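Visitor: In the numbering used here, the protein residues as written are 1453 to 1861.
#1: Since residue 1700 is in the alpha helix (DSSP H), which residue starts that stretch and which ends it?
#2: Quick one: Cα of residue 1681 to Cα of residue 1588, how far?
#3: Suppose contacts are defined by Cβ-Cβ distances below 7 Å. Is residue 1701 in contact with residue 1712 by that definition?
#4: Which residue spans inside the region 1487-1567 form an unbroken alpha helix (DSSP H) run of at least 4?
#5: Note the first and the last residue of the continuous alpha helix (DSSP H) segment covering residue 1713.
#6: Candidates 1802, 1548 and 1598: which alpha carbon is nearest residue 1514's?
#7: Going by beta carbon distance, what residues of the same chain come within less than 6 Å of residue 1586, once the five residues before and after it are set aside?
#8: Around the Cβ of residue 1647, are there at least 16 other Cβ atoms within 10 angstroms (buried) or fewer (exposed)?
#9: Look up residue 1843 in the DSSP assignment and say whether it is helix, strand or coil.
#10: Assign residue 1542 to buried or exposed, taking buried as 16 or more other Cβ atoms, counted over all protein chains shown, within 10 Å of its Cβ.
#11: With DSSP as the reference, label residue 1618 as helix, strand or coil.
#12: Could you round the C-beta distance between residue 1818 and residue 1824 to whole angstroms and report it? I think they count as a contact, below 8 Å.
#13: Do the region 1737-1751 and the region 1717-1728 touch if we need at least three Cβ pairs shorter than 8 Å?
#14: Does the ligand FAD have a heavy atom nearer than 6 Å to the CB of residue 1796?
#15: Restricting to Cα atoms, I'd like to know which of 1720, 1777, 1787 and 1526 is closest to residue 1705.
#16: To the nearest angstrom, how far is it from the Cα of residue 1546 to the Cα of residue 1699?
#17: If distances are taken between C-alpha atoms only, which option among 1672, 1808, 1670 and 1678 comes closest to residue 1833?
#18: With three or more beta-carbon pairs closer than 8 Å as the criterion, would you say the region 1772-1787 touches the region 1830-1848?
#19: Residue 1507 to residue 1480, Cα distance in whole Å?
#20: With DSSP run on the structure shown, which of helix, strand or coil describes residue 1739?
#21: Taking Cβ to Cβ, would you say residue 1769 is nearer than 7 Å to residue 1760?
#22: Need the endpoints of the beta strand (DSSP E) that residue 1609 sits in, please.
#23: Once DSSP output is grouped into helix, strand and coil, what is the label at residue 1838?
#24: Would you mind reading off the limits of the alpha helix (DSSP H) that contains residue 1674?
#25: Counting only the same chain and skipping the five closest in sequence on each side, list residues whose C-beta sits under 8 Å from that of residue 1595.
#26: If you follow the beta strand (DSSP E) that residue 1573 is part of, which residue opens it and which one closes it?
#27: With distances taken Cα to Cα, identify the nearest neighbour of residue 1568 among 1672, 1574, 1548 and 1575.
#28: Our contact map puts residue 1862 next to residue 1695 with C-beta atoms below 8 Å; I'd like the distance itself, whole angstroms only.
#29: Can you list, in chain order, the residues of its chain whose CB lies under 7 Å from that of residue 1734, leaving out five sequence neighbours each side?
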């Protein structure tokens, strides 16, 4: 032989994807790992060094009435507390959401309308779920007023090489405040339902599901509300018919008529005007009274005229009382000359008070029941005297003379 240059062999650079394919390898004789230069340890370290926060969900946890926390030690997968971002264990002191058991993220709401949330707390190796809500802008412990069943998710910090199976099966991942670099936890399904309603769906086509963006809808609603409020204010301030006070209803009442502020105001105003006119009329006496007791004049107010009436009436009452006292204190005197044959005499100045009558005939005192009888009305008032059967006489042209003195009724 002329000599050889050796056996032809494949060089590594000759093995490329165009030269050799899967069908060039025997599936029953696989390449030994020793011929593969893969640093599995380095890859594992990378996974171990990459920390992640995983939600571990627990369902149907009983919470009694009157309590503000529950013991969840039995639910904790890793009882080490994750004190910093690189320490694996249970994350404590971070707000986590609660929901009513068996619902789709239906929250618990406190008396002020704020959402109730929880925080995991570790104390002496035991773990507790404390309940909180916001009161006047500050976090405050929340006490359940009745027994409830809750679902919750706590956070365990682990690495990519060991993700808890329980977290995958019964939990779920999400974002929560202060967990690694995330700043907020968002339930996309809940947000989708808040935005689109119960019939909304999630997709990943990148296109908007709404014809009008939420921001635009909000802006439109704000503008519509502003326009409506302006219209309402303008209508209330308007003096046009069927506007202004005509738009405001009132409760019906027997003290006025009308069912709107405008009609009630009109009714009350007309009655007030009538009262004012009456008051003006009462305060002015245009002419003297018929008997002249009350003089014409303007007394400014109804009270002024009433005072005038009282003053005049008081003076007249006093005068009449004085006259009556005078009359009652004076005696009536009557003198009568006989014509002849009279058997009685009737008083001329009025009726007499009982036991006040003095009768003289020709200067001689006459005695009741002996010399005469009283003539009385049906009510007993004395109206005269009766001499029967005696009569008054005229003797030799000289008549009998009666002198009567009495106090008049």
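Cβ atoms here follow ideal geometry from the backbone N, Cα and C, with glycine treated the same way. Just so you know, these numbers come straight off a predicted model, no measurement behind them.
Guide: So, from the data block:
#1: Per DSSP, residue 1700 belongs to no alpha helix (DSSP H) and is neither H nor E.
#2: 29 Å
#3: yes
#4: Look at the region 1487-1567 and you find these whole runs of alpha helix (DSSP H), each 4 residues long or longer: 1492-1501.
#5: 1713-1734
#6: Comparing C-alpha distances from residue 1514 to each of 1802, 1548 and 1598 shows the shortest one belongs to 1598.
#7: 1566
#8: exposed
#9: coil
#10: Label assigned to residue 1542: buried.
#11: Caution is warranted here: a pLDDT of 47 is assigned to residue 1618, below 50, making its placement in the model unreliable, and the coordinate value is therefore given only provisionally. Correct three-state label for residue 1618: helix.
#12: 5 Å
#13: no
#14: Of the ligands one can find in the structure shown there are none, so the ligand FAD has no counterpart to examine.
#15: Considering only alpha carbons, the answer is 1720.
#16: 53 Å
#17: 1808
#18: no
#19: 43 Å
#20: Three-state DSSP puts residue 1739 in coil, outside helix and strand.
#21: no
#22: 1600-1611
#23: Here residue 1838 sits in strand by DSSP.
#24: 1666-1689
#25: Answer for residue 1595: 1518, 1519, 1520 and 1583, listed in chain order.
#26: 1569-1575
#27: 1548
#28: With the chain represented from 1453 up to 1861, any question about residue 1862 goes unanswered, as that position is not in the structure.
#29: 1754 and 1757
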